[in-house]
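Q: Numbering (my numbering), first residue to last: 7 to 261.
Glycine is no exception: its CB is placed at the ideal position from the N, C-alpha and C atoms.
Mind looking over this structure? Questions follow.
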């Protein structure tokens, strides 16, 4: 379990918080924080919602919430809106010049604003009526290590995009040691979320080394058991992504 330092701000709050990351399978919604005795949970940083639906009335007096769902196959959900968040995520970094593992921090800063109705939006329904979620604006996605800062030029909450961008910047001196740069993890070819949706095939290492394309993924890994992991997760099976490209290709700087 990790405890991430964060700062939360909305119309009624401006305070440090602690995000609990149980690092369990992303399907369990491993991220959570509690503020004013109200707990929000999520599988990604962009999807915090009310954990206890029975607190809806109390929470709506303190937070901006989007109510959606309500059809027969989907209960109501209450998504947190209208807030800004700064988050520090600790990571392990490999320093090439002396082959040492050192601490690093990923820093994310973003906020939710009223939706720009001139742009397309995902269709979200509440009792068969369309509702609109806030737009997210990312100010920064960066890595700090050895007193240096490397900012992703892509201002996004999609970790696969930002981490690849940062990996290219640091490739001569460092690489981040985590699931994203591991030989045995891949994203699902059917699609993935912005965070925490990696498929770890560490129980099928030999098959992973045969995969260099989407066709190879379906041939050697489709149907095999896997663990759902976050991009920043690290375990004892880690191996630098340098022996095979996998479904998503090589990660720059890991060689």
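#1: Check this for me: beta carbons of residue 253 and residue 214, under 7 Å apart or not?
#2: Have a look at residue 51 and residue 159 and give me their C-alpha separation to the nearest angstrom.
#3: Leaving out the 5 sequence neighbours to the left and right, which residues in its chain are closer than 8 Å to residue 179 when beta-carbon positions are compared?
#4: Is residue 115 near residue 146, with beta carbons less than 7 Å apart?
#5: DSSP beta-bridge partners for residue 74?
#6: Buried or exposed: where does residue 109 fall if 16 or more other Cβ atoms within 10 Å of its Cβ makes it buried?
#7: Kindly indicate which three-state DSSP category residue 154 falls into: helix, strand or coil?
#8: Counting pairs of beta carbons, one from the segment 201-215 and one from the segment 39-55, are three or more of them closer than 8 Å?
#9: Using alpha carbons as the reference points, say which of 11, 225, 118, 187 lies closest to residue 244.
#10: Between the C-alpha atoms of residue 55 and residue 67, what's the straight-line distance to the nearest angstrom?
#11: Which value, in whole angstroms, describes the spacing of the CA atoms of residue 73 and residue 84?
#12: Quick one: using the 10 Å Cβ neighbour count with 16 as the cut-off for buried, is residue 136 buried or exposed?
#13: If you compare alpha carbons, which of 93, 57, 26, 219 is closest to residue 15?
#14: Our contact map puts residue 205 next to residue 234 with C-beta atoms below 8 Å; I'd like the distance itself, whole angstroms only.
#15: In this structure, does DSSP put residue 238 in helix, strand or coil?
#16: What residue does the beta strand (DSSP E) around residue 41 start on, and which one ends it?
#17: Within 10 angstroms of its Cβ, does residue 143 collect 16 or more other Cβ (buried), or is it exposed?
#18: Taking Cβ positions, are residue 324 and residue 223 nearer each other than 7 Å?
#19: Please list, in chain order, all residues of the same chain as residue 18 whose beta carbon is under 7 Å from its beta carbon, the five residues on each side excluded.
#20: Roughly how many angstroms separate the alpha carbons of residue 7 and residue 139, rounded to a whole number?
#21: Could you give the DSSP three-state label for residue 10: helix, strand or coil?
#22: From 260, 76, 36, pick the residue whose C-alpha is nearest to that of residue 176; which is it?
#23: What runs of the alpha helix (DSSP H), each 4 residues or longer, lie entirely inside the segment 114-181?
A: Here's the rundown:
#1: no
#2: 19 Å
#3: 101, 102, 103
#4: yes
#5: 83
#6: exposed
#7: strand
#8: yes
#9: 187
#10: 15 Å
#11: 5 Å
#12: exposed
#13: 93
#14: 7 Å
#15: coil
#16: 37-41
#17: exposed
#18: Past the boundaries of the shown model lies residue 324; the chain is included only from 7 to 261, so the question cannot be answered.
#19: 68
#20: 30 Å
#21: strand
#22: 260
#23: 165-176
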